[in-house]
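Novice:
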Amino acid sequence: MNIDINYLLTLSERKLENFSLISHLSTFYKEIFCYFNECKKEIEISNLSNVKFAQQPLWNNILYQFKGKTICFKNWIASNILYTKDLFDENGNFKTLQEISNTLINKSNWLCEYKILKKVVTKQSNMFDMKCCIFTKTTPVNSFNFNSGLNCITDKKCKFFYENMLSKKFKYPCYQSILGRNFCVSKEYWCNIYRNKIKLMYDKRLSEFNYKLLNNILCCNSFLQKCKLRENAKCEFCGNENENIKHLIFDCDNVKGVWQKLNIVMNYDVQWKHIVVGFYLETNSRIRFYNTIISYLAYKIYKFKMKSRIENIIQEKFMLEKSIRYSLEKDINFMLNLSKTCMFKDLVKLLTNLL
Ligand SMILES: [Zn+2]
């Protein structure tokens, strides 16, 4: 067939089983073409100029679909009918049966195909002045409209396509907008928050904990009640209060002491906001230390409570504080070295003594 690589690159089919034009290639190459098209931006027909529309390929292009699939008529391709412009005459009208009949070399099934083509193409071409077809040229191009913008592909490596796929598939976490509203966090700071609380956290267990905290998916009695695993959402320690994640880690009577002692050490009034999103406006060693120690304490409180529940032990205040002090004594060097905040060793020691 008279198809070259430049033509194949302009197509937009993304489904392997529908990509008839390359059905003779091995699965490996077929997948490459499908993923290449996956990286491209969706064609917005309302943004196309008359000439750009006339240059649209006819085959395996998602602009032209019949019964939910892109079309590909091999007899037409063999007769060099490849682009939208090839179907219109000098007056901008869809070519007549006679005109097409004169061009087609092999005419098997052509009437049916003519009908399908006329239906799917004129549905879109109504919006354009097709008189331009007669002077529209198609030249090979190296630049394509990707998710990241118009890019020339001649010097692009895997990383470019990988990042394109990522940016296309990326969705903002659902809970982000709720936290943004509650804590008044502007959109531009979320990148810092995820970097501080997840990516740069010295221990992956803390990253995982922070990820769950930021997405409101930690286990608590409110959550268990929603899953119908508990009759009520009450905190077993405080009695009347409902236990949501904030209560579990910050408001409960048995954890207040931990945060009060941290306030003394930091000489700062730590709020629930600081536990969830951390400090994100600046990046320096003190901020890194605050984010580390707060995440560490929140994680240890959560772990202690979950362990006590499994073992059916009452979560007494002194037991919780004792457990955190023991963990801190054990982890202090590991935590400060890995988070590069050794200069705050005295503060951690002071906190350990207070607990
Ligand atoms: Zn409580």
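Counting with the working numbering, you get residues 11 to 365 for the letters of the sequence shown. Where a beta carbon is used, it is the ideal one built from N, C-alpha and C, also for glycine.
Can you name, in chain order, every residue of its own chain whose Cβ lies under 8 Å from the Cβ of Y312, other than the five neighbours on each side?
Specialist: Position 302 of the sequence shown holds residue 312. The residues are F219, L228, L258, I259.
Novice: Just the C-alpha distance for F328 and L223, rounded to the nearest angstrom, thanks.
Specialist: As a position in the sequence shown, residue 328 is number 318, starting the count at 1. As a position in the sequence shown, residue 223 is number 213, starting the count at 1. One C-alpha to the other measures close to 25 Å.
Novice: Exposed or buried, L330, counting other C-beta atoms within 10 Å across all chains shown (16 or more means buried)?
Specialist: The residue you call residue 330 lines up with position 320 of the sequence shown. By the neighbour-count rule (16 or more Cβ atoms within 10 Å), L330 is buried.
Novice: Does at least one heavy atom of ligand 1 sit under 7 Å from the Cβ of F328?
Specialist: By 1-based counting over the sequence shown, the position of residue 328 is 318. For ligand 1, not one heavy atom lies less than 7 Å from the Cβ of F328.
Novice: In the DSSP assignment, find the beta strand (DSSP E) that holds N155 and state where it starts and stops.
Specialist: As a first step, residue 155 is located in the sequence shown; it is residue number 145 there, counting from the start. Here the beta strand (DSSP E) through N155 covers 153 to 156.
Novice: Quick one, are the C-beta atoms of Y309 and R215 less than 8 Å apart?
Specialist: Here residue 309 refers to the residue found at position 299 of the sequence shown. Here residue 215 refers to the residue found at position 205 of the sequence shown. It is a contact, given that the beta carbons lie within the stated cut-off.
Novice: So is the beta-carbon of E251 under 7 Å away from any non-hydrogen atom of ligand 1?
Specialist: In the sequence shown, the residue the question calls residue 251 occupies position 241. Under cutoff, so the answer is yes.
Novice: So, at 8 Å on beta carbons, what are the nonlocal neighbours of K244 in its own chain, with the 5 sequence-adjacent residues on each side left out?
Specialist: Mapped onto the sequence shown, residue 244 falls at position 234. Correct list, in chain order: N231, N250, E251, N252, E253.
Novice: Using the Cα positions of K351 and R296, report the straight-line distance between them to the nearest angstrom.
Specialist: The count along the sequence shown starts at 1 and reaches residue 351 at position 341. The count along the sequence shown starts at 1 and reaches residue 296 at position 286. The residue asked about is misnamed: residue 351 is Thr in this sequence, not Lys. Each residue's Cα considered, the two are about 8 Å apart.
Novice: Starting from C162, trace the beta strand (DSSP E) both ways and give me its first and last residue.
Specialist: For the purposes of this step, residue 162 is taken as the residue at position 152 of the sequence shown. Segment 159 to 162, the beta strand (DSSP E) holding C162.
Novice: Is it the case that the Cβ atoms of T80 and N90 are separated by a distance below 8 Å?
Specialist: Position 70 of the sequence shown, counting from 1, holds the residue named residue 80. Position 80 of the sequence shown, counting from 1, holds the residue named residue 90. Taking 8 Å as the Cβ cut-off, T80 and N90 do not qualify as a contacting pair.
Novice: From the DSSP output, which residues share a beta bridge with N252?
Specialist: Your numbering for residue 252 matches position 242 in the sequence shown. Partner(s): K244.
Novice: CB of F219 to nearest heavy atom of ligand 1: below 7 Å?
Specialist: For the purposes of this step, residue 219 is taken as residue 209 along the sequence shown, with counting starting at 1. Not so, every heavy atom of ligand 1 lies at least 7 Å from the Cβ.
Novice: Report the residue from S135, C82, Y306 whose alpha carbon sits nearest the alpha carbon of K105.
Specialist: Looking up residue 105 in the sequence shown gives position 95. Selected option, being the one with the closest Cα: S135.
Novice: Taking buried to mean at least 16 other C-beta atoms within 10 Å of its own C-beta, is Y325 buried or exposed?
Specialist: One-based indexing of the sequence shown puts residue 325 at position 315. The displayed chain sequence assigns Gln, not Tyr, to residue 325. Classification of Q325: buried, given that the 10 Å Cβ count is 16 or more.
Novice: Using a 10 Å radius around the Cβ and a threshold of 16 neighbouring Cβ atoms, would you call Q281 buried or exposed?
Specialist: In the sequence shown, residue 281 corresponds to position 271, counting from 1. Answer is exposed; the Cβ neighbour count stays below 16.
Novice: On the DSSP bridge assignment, give the partners of F104 in chain order.
Specialist: By one-based count along the sequence shown, residue 104 stands at place 94. DSSP output for F104 lists F98 as bridge partner(s).
Novice: Taking contact to mean 3 or more Cβ pairs, one atom from each stretch, closer than 8 Å, check whether the stretch 137 to 156 and the stretch 12 to 20 are in contact.
Specialist: Counting Cβ pairs under 8 Å, three or more are found: they touch.
Novice: What is the DSSP secondary structure of T80, reduced to helix, strand or coil?
Specialist: In the sequence shown, counting from the first residue as 1, residue 80 sits at position 70. It is a strand residue.
Novice: How many Å lie between N242 and K133 at the Cα?
Specialist: In the sequence shown, the residue the question calls residue 242 occupies position 232. In the sequence shown, the residue the question calls residue 133 occupies position 123. Whole-angstrom Cα-Cα distance: 58 Å.
Novice: Here's the rule I'm using: 16 or more other beta-carbon atoms within 10 Å means buried, otherwise exposed. How should R191 be labelled?
Specialist: Against the sequence shown, residue 191 aligns to sequence position 181. Flag for R191 reads exposed.
Novice: Should L97 and V130 be called a contact, given that it needs their Cβ atoms to be closer than 8 Å?
Specialist: Here residue 97 corresponds to residue number 87 of the sequence shown, with the count starting at 1. Here residue 130 corresponds to residue number 120 of the sequence shown, with the count starting at 1. No, the pair does not count as a contact, with Cβ atoms beyond the cut-off.
Novice: Taking 7 Å as the line, does the beta carbon of C229 fall inside it for any heavy atom of ligand 1?
Specialist: Counting from one through the sequence shown, the residue named residue 229 turns up at place 219. Outside the cutoff, so no.
Novice: Three or more C-beta pairs under 8 Å: does that hold for the stretch 202 to 214 against the stretch 276 to 292?
Specialist: Segments in contact, yes.
Novice: Which one or two residues does DSSP pair with Q75 in a beta bridge?
Specialist: In the sequence shown, counting from the first residue as 1, residue 75 sits at position 65. Answer by DSSP bridge pairing, in chain order: T80.
Novice: My output table needs one value for Y290: the three-state DSSP class, helix, strand or coil.
Specialist: In the sequence shown, the residue the question calls residue 290 occupies position 280. Of the three classes helix, strand and coil, the one that applies to Y290 here is coil, per DSSP.
Novice: For C366 versus N174, is the C-beta distance shorter than 8 Å?
Specialist: It is not possible to answer for residue 366, since the shown part of the chain is limited to 11 through 365.
Novice: Let me check you understand the geometry: is the CB of H284 closer than 7 Å to at least one non-hydrogen atom of ligand 1?
Specialist: Here residue 284 refers to the residue found at position 274 when the sequence shown is read from its first residue. Answer for H284: no, Cβ out of range of ligand 1.
Novice: Identify the continuous alpha helix (DSSP H) that holds S217 and give its terminal residues.
Specialist: Along the sequence shown, one-based indexing puts residue 217 at 207. Run containing S217: 214 to 224, per the alpha helix (DSSP H) assignment.
Novice: Of all Cβ atoms in chain B, is any one closer than 8 Å to the Cβ of N28?
Specialist: Checking the listed chains, one finds no chain B in this structure; it contains a single protein chain.
Novice: From E23 to N226, what distance separates their C-alpha atoms?
Specialist: To locate residue 23, count along the sequence shown from 1; it is residue 13. To locate residue 226, count along the sequence shown from 1; it is residue 216. Each residue's Cα considered, the two are about 38 Å apart.
Novice: Let me make sure I understand the geometry here. Which of E27, N206, E198 has the alpha-carbon closest to that of N294?
Specialist: Within the sequence shown, numbered from 1, the residue matching residue 294 stands at position 284. Minimum Cα distance to N294 is reached at N206.
Novice: Measure the CB-CB distance between I110 and Y93 and report whether it falls below 8 Å.
Specialist: As a position in the sequence shown, residue 110 is number 100, starting the count at 1. As a position in the sequence shown, residue 93 is number 83, starting the count at 1. Taking 8 Å as the Cβ cut-off, I110 and Y93 do not qualify as a contacting pair.
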